[in-house]
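K.L.:
Numbering (this note's numbering), first residue to last: 65 to 315.
Where a beta carbon is used, it is the ideal one built from N, C-alpha and C, also for glycine.
#1: How long is the line joining the alpha carbons of residue 258 and residue 75, rounded to whole angstroms?
#2: What residue ranges within the stretch 162–247 form continuous alpha helix (DSSP H) runs of no fewer than 4 residues, ordered along the chain?
#3: Can you check whether the CB of residue 92 is closer than 8 Å to the CB of residue 220?
#4: By DSSP, does residue 104 sit in helix, in strand, or in coil?
#5: With DSSP as the reference, label residue 81 as helix, strand or coil.
#6: Closest by CA to residue 298, which one among 87, 69 and 242?
#7: Could you check how far apart the C-beta atoms of residue 120 and residue 79 are, in whole angstroms? I think they sit under 8 Å.
#8: Can you grab the Cα-Cα spacing for the pair residue 304 / residue 133, in whole Å?
#9: Using the beta-carbon count (16 or more within 10 Å), is residue 292 buried or exposed?
#10: State the start and end residues of the unbroken alpha helix (DSSP H) segment that holds residue 287.
#11: Kindly indicate which three-state DSSP category residue 160 falls into: helix, strand or coil?
#12: Start and end of the alpha helix (DSSP H) containing residue 256?
#13: Who are the Cβ neighbours of residue 187 in its own chain at under 7 Å, not counting the five residues just before and after it?
#14: Judging by CA-CA distance, which residue of 70, 235 and 94 is the nearest neighbour of residue 282?
#15: Hey, how far is the Cα of residue 250 from the Cα of residue 130?
Next up, the structure:
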């Protein structure tokens, strides 16, 4: 259902927003996707495969730390975007929004870790409800803000709302777990997890980053020539075309 909702809303959104108005969202999503790919350094993958729950929780805390480090790295990226491309036609006056890239990086890294924990606990109903709520709020906010004339700012607001809702719902799920640890793991425990699962940071992280970079290159290339309309058309078309494949891949 979470995948079907944006598809059903696509014709209406296409009437409300022009392709050029989708350009800032396309650029923002492109950069944030790269940053999120390094968010928790891929240690979230180890949460699912760990044999013991205590070790899985230690990895969750490790993901929190690595996401924080990635957030620090994202700050200069955000500032550079505002300073150097704020007057770009492709941003349509939405440059200040890119200061929120560190927030998207942190939320993305933590959400990935919490999602891995929910998968480990077989909380598939909670995951599905979280995604459906995010889809409903994102589409609803996009339509409502678009009708009110917020243009690209409405799309960015809705997109950030869609990032925050899954994070919040998964965080609530975590706090309700009865077996969650009440203390932060020791440094020795964290370093043990780093050594045990270092393959994710050494191999999965670079390959994931390169894959994300390759997927976003068309957006960045179009942004260099200020082809805002083409950025909007490309990002929107790729999103809609990819939704059925995401549905099939996740089923």
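P.N.:
Inspection of the coordinates gives the following:
#1: The sequence position of residue 258 within the chain shown is 194, counting from 1. The sequence position of residue 75 within the chain shown is 11, counting from 1. Approximately 47 Å, taken between the alpha carbons.
#2: Restricted to the stretch 162–247, the alpha helix (DSSP H) segments that are unbroken, complete and at least 4 residues in length are 165–184, 188–211 and 215–239, listed in chain order.
#3: In the chain shown, residue 220 corresponds to position 156, counting from 1. In the chain shown, residue 92 corresponds to position 28, counting from 1. Contact flag set, yes.
#4: Translated into positions along the chain shown, residue 104 becomes position 40. In this structure, residue 104 counts as coil in the three-state DSSP scheme.
#5: As a first step, residue 81 is located in the chain shown; it is residue number 17 there, counting from the start. Residue 81: coil per DSSP, three-state reduction.
#6: Here the question's residue 298 lines up with position 234 in the chain shown. Nearest Cα to residue 298 within the set 87, 69 and 242: 87.
#7: Position 56 of the chain shown, counting from 1, holds the residue named residue 120. Position 15 of the chain shown, counting from 1, holds the residue named residue 79. With 8 Å as the limit, residue 120 and residue 79 do not qualify as a contact, their Cβ atoms being about 46 Å apart.
#8: Translated into the one-based positions of the chain shown, residue 304 becomes position 240. Translated into the one-based positions of the chain shown, residue 133 becomes position 69. Going from the Cα of residue 304 to the Cα of residue 133 covers about 33 Å.
#9: Looking up residue 292 in the chain shown gives position 228. Counting of Cβ neighbours within 10 angstroms places residue 292 among the buried residues, the total reaching 16 or more.
#10: The count along the chain shown starts at 1 and reaches residue 287 at position 223. Note, residue 287: alpha helix (DSSP H), 269–288.
#11: On the chain shown, residue 160 is found 96 positions in, with the first residue counted as 1. Looking at residue 160 - three-state DSSP - the assignment turns out to be helix.
#12: Translated into positions along the chain shown, residue 256 becomes position 192. Secondary structure note for residue 256: its alpha helix (DSSP H) is the uninterrupted segment 251–260.
#13: Within the chain shown, residue 187 is the residue found at index 123, counting from 1. Around residue 187: 237.
#14: The count along the chain shown starts at 1 and reaches residue 282 at position 218. Of the candidates 70, 235 and 94, the one whose C-alpha sits nearest the C-alpha of residue 282 is 94.
#15: Position 186 of the chain shown, counting from 1, holds the residue named residue 250. Position 66 of the chain shown, counting from 1, holds the residue named residue 130. For residue 250 and residue 130, the distance between alpha carbons rounds to 15 Å.
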